[in-house]
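Shown next, in structure tokens, is the structure this report addresses.
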Ligand SMILES: Cc1cc2nc3c(=O)[nH]c(=O)nc-3n(C[C@H](O)[C@H](O)[C@H](O)COP(=O)(O)OP(=O)(O)OC[C@H]3O[C@@H](n4cnc5c(N)ncnc54)[C@H](O)[C@@H]3O)c2cc1C
């Protein structure tokens, strides 16, 4: 039997937040779209991420409304509506890690930071809290503590909520046996999995495969150098919930985020801190053990009084995939259009809705008349599962006592 042929308005490669939000947006606009996933949904940046729905404050610490801050400042309100079930997609199933972030400094410079968001015109600005309203974990902080209305979501639950309405439009595919070719009339994809094959044709192909976009661009005969990868080495801290408090937010020193901490739980019910910010940038040039020792020192300096002696440490590498911008972070979502192939990067998870809008407009330029949201995967084709967080994947963990600097 010949492989079945599916005609769609768009074929999406990659089911992270960008691909799944784009699938939602295309379907909402009456488009036939299908999404191919090579591993598990969200496996990569989305599951590595800290899940903060940024409103731009971290891009205004210099006191200026940067392009990045302008692009992202409407996102918290849009996400808030979706998370409350008052917008589309309906994200009521998403688990909130925290309704807001804390912002604190190690010295008492916060009054300056507290002003910035409001002065430069952000929709979400920090509000300084009275000492009595501080969370217990920040009580010993010498500087001011503020609350920032940026929600923190659990990325795996976001991916599950985005994927749920599209079960028949998601296909697991073997990246080694999948082909992609394009000409002026559109693109053809041969998807393959477990001895089965399918031919997919569409006037537009959207590449939202994150770090996998380089391989797909090569497959399509396009230059992979159009994208850049900026490395990060994140640090993990885990302990029983009575040994590690919940904390979500940023310790800000000057114009830099010294540490960004978000809290989740692993499959065994342990509490896990993801530690990013400057320590994750610094850790790239260190061994994993050095990165842990550095993060530990920074963390204890940023959260005075924190006791980590019953905790364990680990690291994970989390390269960020973006459109080339001279090694700097692009200020906004970015799309590169090469005939029917649209290579797309949200730059931030919070910007996925903005990327989805741009991608849907790019599809409309290639296929002016929607064919209806029908297009379904062949009967019985395997669907991808949702990926696990890095703390639930096998990795080495170091007890706290082994990470302390030697005395002498
Ligand atoms: C450590 C870290 C923390 C972050 N924290 C935040 C934050 O707090 N807030 C925020 O707004 N942003 C944050 N970000 C940025 C955010 O995570 C990313 O911008 C966003 O998740 C990118 O999503 P994506 O869908 O483009 O890519 P990905 O999430 O990487 O998804 C790519 C998908 O494509 C699949 N794939 C790969 N190759 C192929 C192929 N050949 N065929 C088919 N499928 C393929 C992968 O399996 C995966 O499912 C963070 C990023 C990192 C690295």
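In our numbering, the protein residues as written are 996 to 1403. We put the beta carbon where it would ideally sit given N, CA and C, even for glycine. Bear in mind the structure is a predicted one, so any value in this text is a computation, not a measurement.
- The DSSP-derived three-state label of residue 1259 is strand.
- Between residue 1146 and residue 1247, the gap from beta carbon to beta carbon reaches 8 angstroms or more.
- Runs of the beta strand (DSSP E) lying entirely within the stretch 1009 to 1088, each at least 3 residues long, are 1028 to 1032 in chain order.
- Around the beta carbon of residue 1323, fewer than 16 other beta carbons lie within 10 angstroms, which makes this residue exposed.
- DSSP places residue 1328 outside both helix and strand once states are collapsed to three, so it counts as coil.
- In chain order, 1131 and 1132 place their CB closer than 7 angstroms to the CB of residue 1240, counting only its own chain and leaving out the 5 sequence neighbours on each side.
- Distance check between residue 1277 and each of 1192, 1064, 1349 and 1230 places 1230 closest, using alpha-carbon atoms only.
- The beta-bridge partner set that DSSP reports for residue 1245 consists of 1098 and 1255.
- Relative to ligand 1, the beta carbon of residue 1049 is positioned inside 7 angstroms of a heavy atom.
- Classified as buried, residue 1266 has 16 or more neighbouring CB atoms from the shown chains inside 10 Å of its CB.
- For ligand 1, no non-hydrogen atom lies closer than 7 angstroms to the CB of residue 1161.
- The closest heavy atom of ligand 1 lies less than 7 angstroms from the beta carbon of residue 1229.
- Per DSSP, the beta bridge partners of residue 1309 are 1231.
- For residue 1319, there is no enclosing alpha helix (DSSP H), as DSSP marks it with neither H nor E.
- The shortest CA-to-CA distance from residue 1270 to any of 1353, 1028 and 1297 is the one to 1297.
- In this structure, the straight-line span from the alpha carbon of residue 1001 to that of residue 1338 is close to 22 angstroms.
- Under the three-state reduction of DSSP, residue 1268 is assigned to strand.
- Exclusion of the five residues before and after residue 1312 leaves 1228 as the residues of its chain whose Cβ lies within less than 6 angstroms of its Cβ.
- Not a single heavy atom of ligand 1 lies less than 7 angstroms from the C-beta of residue 1388.
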